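Structure first, commentary second.
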Amino acid sequence: MQDLGPTFIKLGQVLSIRPDVLPKAAMDELSRLQDEIATFDSDTAREIMRSELGVEDLGKVFAEISEEPVAAASLAQVYKGKLLDGTEVAIKVQRPNALPTISKDLYVMRKAAGVVTELSNTLTATTTDFKALVETFGEGLYTELDFRNEAFNQIKMAEYIANTPNCKGVIVPNVFLEHTTRRVLVSQWIDGTKLSELPADRIKAGIKDAQEVFLNQLLAWGFFHGDPHPGNLLYVNSGPDEGKLVLLDFGLVAQIPEKERDNIVSAVIHLGTQNWDGLVDDLIALEFLAPDCDRATVTPPIVRVLRQYLKGGGAQAMNFSALGQDILTLTTSIPFSIPPYVSLLARSVVTLEGIALKGDPSYQLVGEAYPYMVRKLLERSGAGNAQLTTALRGLLLGADGRVQPVRLSALLQAAVGVAAAESDRSGFIDFDAVPEDGADADTLVAFLLSPEGRSVKPLIVKELAATIDLVIRSATRAGFLRFKEALKPPLPFAPTPPLPPIPLLTPRGPKLMSPDDLLDIIQPKLGRDEEIYLQTNAQVFLGLLGVQVDPNKGLDLSVSPQRVLEVIGALAGQRDAEVQKAVEQLLSKGSGRALLTEWWGDVSKSLRDASSQRIARV
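Dropping the structure here:
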């Protein structure tokens, strides 16, 4: 491949990180194309520099240039130099005759791809257009041949990273545009070591920064580094950015439209919730499946292949390489296509995961990326995206239409950046895995009150109101019992005087009713299902309100007799401000009151509706 020239060197580099295509021995051999590529003559390189920069004497631009290249790549080689002001720079020079050589190679490859497409479509069920893949590969190569384009990509990526708070652990070298042409690129020299060559603990620490940038590229910026081989991700050894990662080589980038990004998030959610119909819709939108595909035919193989990666699925190798091999098996049974842009995305995913696995053999990109996916889901659904709002409802609501508290808890923890450890998960994707040591209630409430948490509000309000109603009923009845106990005479065996009846004006006229009967109507005793809900599922909602539930003793709320009368009176009179005050008395002085104050208008409506229905029965 090296002897065949730059096109095949680049192809070999692509194949060197594709375990779904080649066996390990072949990949190991091809990985040498990352570092051991033959250089071309330095005199030729200097002649290209002079021609491109328009000078006879390179000393007018550079104070120093290394005699020999310090690195060689498929399309260029790099020299270390210094500008006249002493700034150390990397000088990237394109290989001679690269453009005509690549053009001829791509012509031959595209002809061959046409034959492969016909054979593949005849012998398998795949509908992948290999000519389109070659065209995507070729488009990327032609783009990489223009170093001015690469320079602008580099500047754009640096701006994205600089403006994203969680990406400060990654840098991009500065570009010197005044010395950059189509065939020569001059950028900041950075002393670094390949991340993949560092000790495991360094890789494990560094991969988190790389992962954050990767996810932002994929799902936020839509501007994607298409060639992230191990040589392009370095650990900075010295200088002001020591300890950070540096991302190199922006000749090949991919643009991912917002709609495609939403489809990716939706597909992950539908896969995790086993919504197979929704997943098929996503695969159609992503062009893996044809719009007119037979769902009855394509769904069973998809379920068979992908279900093993879910909670309790039993897949041993929970990584994208294994997933890629399993997905390839689909092409033999159903008309499953690999869109051209996905080949670039797959390269990046497999490369990043391959580096990460060297530092942590149990690394799972989807599991690690879950908090980011959740934040993106909430952000986009909160902005009114109907597709992701539907996906969010499907994730949180059970078959009965009620919020599933465990999933809500996991989602809120992930939204504030806390994900379940790998030991807590039982699958590639597990939306029911709640971290053992999660964020506290104040942190979760602060998120719910932030713009990012706005999209969850409509789903939580109803459950929050139902939980408060159960708390009021439970506390009121407990307080009423204590009130009756306080009326007992101190003498033993003396009868307790009955409470006088209460005069009421009902729609049917005046009526006398005992306090016990009135309480049973306005604040009825909790049924068995309601007690279970209050002591178990509602713990999530009670936690948000600042009410602690002892797992051994259950809910313990002490309410004075006076408070009982105030609660009953406020509810019966539909006096919202008094009900809110009464409810606040049941809560802690922390997060619960903040949430209640902010959301009270919506919560109180649900409470009023419930109490109005009961009062109407008096």
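Residue 223 in my numbering sits at position 223 of the sequence shown; the count goes up by one each step and never skips. Cβ coordinates follow ideal geometry from the N, Cα and C atoms, glycine included. All figures in this text were calculated on a predicted structure; none of them were measured in a lab.
What did DSSP end up calling residue i once you bin it into helix, strand or coil?
i: residue 363; result: coil
i: residue 188; result: strand
i: residue 1; result: coil
i: residue 285; result: helix
i: residue 106; result: helix
i: residue 411; result: helix
i: residue 594; result: helix
i: residue 13; result: helix
i: residue 523; result: coil
i: residue 374; result: helix
i: residue 116; result: helix
i: residue 583; result: helix
i: residue 93; result: strand
i: residue 315; result: At residue 315 the pLDDT is 47, less than 50, meaning the model places this residue with poor confidence and gives no usable figure here.
i: residue 642; result: Because the chain here runs from 1 to 618, residue 642 falls outside it and cannot be looked at.
i: residue 611; result: helix
i: residue 440; result: coil
i: residue 380; result: helix
i: residue 59; result: helix
i: residue 239; result: coil
i: residue 605; result: helix
i: residue 54; result: coil
i: residue 44; result: helix
i: residue 181; result: coil
i: residue 100; result: helix
Any Cβ of chain D within less than 8 Å of the Cβ of residue i?
i: residue 510; result: Annotation note: the requested chain D is absent from the structure, which comprises a single protein chain.
Pick from the options: whose alpha carbon is nearest that of residue i?
i: residue 118; options: 129, 109, 7; result: 129
i: residue 497; options: 504, 509, 484; result: 484
i: residue 188; options: 161, 31, 155, 215; result: 155
i: residue 545; options: 469, 518, 436, 26; result: 469
i: residue 114; options: 133, 102, 103, 265; result: 133
i: residue 402; options: 337, 459, 58, 372; result: 459
i: residue 389; options: 477, 266, 355; result: 266
i: residue 357; options: 435, 263, 207; result: 207
i: residue 75; options: 55, 385, 245, 100; result: 100
i: residue 153; options: 336, 217, 448; result: 217
i: residue 411; options: 372, 383, 400; result: 372
i: residue 123; options: 93, 334, 42, 176; result: 334
i: residue 253; options: 179, 140, 240, 414; result: 140
i: residue 65; options: 88, 55, 600, 583; result: 88
i: residue 120; options: 106, 336, 199, 477; result: 336
i: residue 172; options: 144, 204, 225; result: 225
i: residue 619; options: 288, 291, 250, 310; result: Only positions 1 to 618 of the chain appear in this structure, which leaves residue 619 out of reach.
Considering residue i, what are the terminal residues of the alpha helix (DSSP H) in which it resides?
i: residue 270; result: 258-272
i: residue 138; result: 130-144
i: residue 417; result: Counting along the chain, residue 417 falls outside any alpha helix (DSSP H), and DSSP gives it neither H nor E.
i: residue 483; result: 457-486
i: residue 204; result: 200-216
i: residue 543; result: 539-544
i: residue 37; result: Looking at the DSSP string, residue 37 is not in any alpha helix (DSSP H), and its letter there is neither H nor E.
i: residue 616; result: Taken as a continuous stretch (DSSP letters only), residue 616 belongs to no alpha helix (DSSP H), as it is neither H nor E.
i: residue 155; result: 147-162
i: residue 26; result: 24-30
i: residue 532; result: 528-535
Based on DSSP bridge pairs, tell me the residues matched to residue i.
i: residue 225; result: 253
i: residue 503; result: 512
i: residue 88; result: 82
i: residue 194; result: 234
i: residue 397; result: 403
i: residue 171; result: 246
i: residue 71; result: 78
i: residue 303; result: Bridge partners of residue 303: none, in fact.
Buried or exposed: residue i, going by 16 or more other Cβ atoms within 10 Å of its Cβ?
i: residue 499; result: exposed
i: residue 97; result: exposed
i: residue 362; result: exposed
i: residue 533; result: buried
i: residue 79; result: buried
i: residue 314; result: With a pLDDT of 49 at residue 314, under the threshold of 50, the predicted position of this residue should be treated as unreliable, though the coordinate-derived value follows. Exposed is the call here.
i: residue 163; result: exposed
i: residue 161; result: buried
i: residue 255; result: exposed
i: residue 316; result: Confidence in residue 316 is poor, its pLDDT being 47 and thus under 50, which makes the residue's placement too unreliable to answer from.
i: residue 237; result: exposed
i: residue 506; result: exposed
What are the start and end residues of the beta strand (DSSP E) that includes residue i?
i: residue 64; result: 62-65
i: residue 245; result: 245-247
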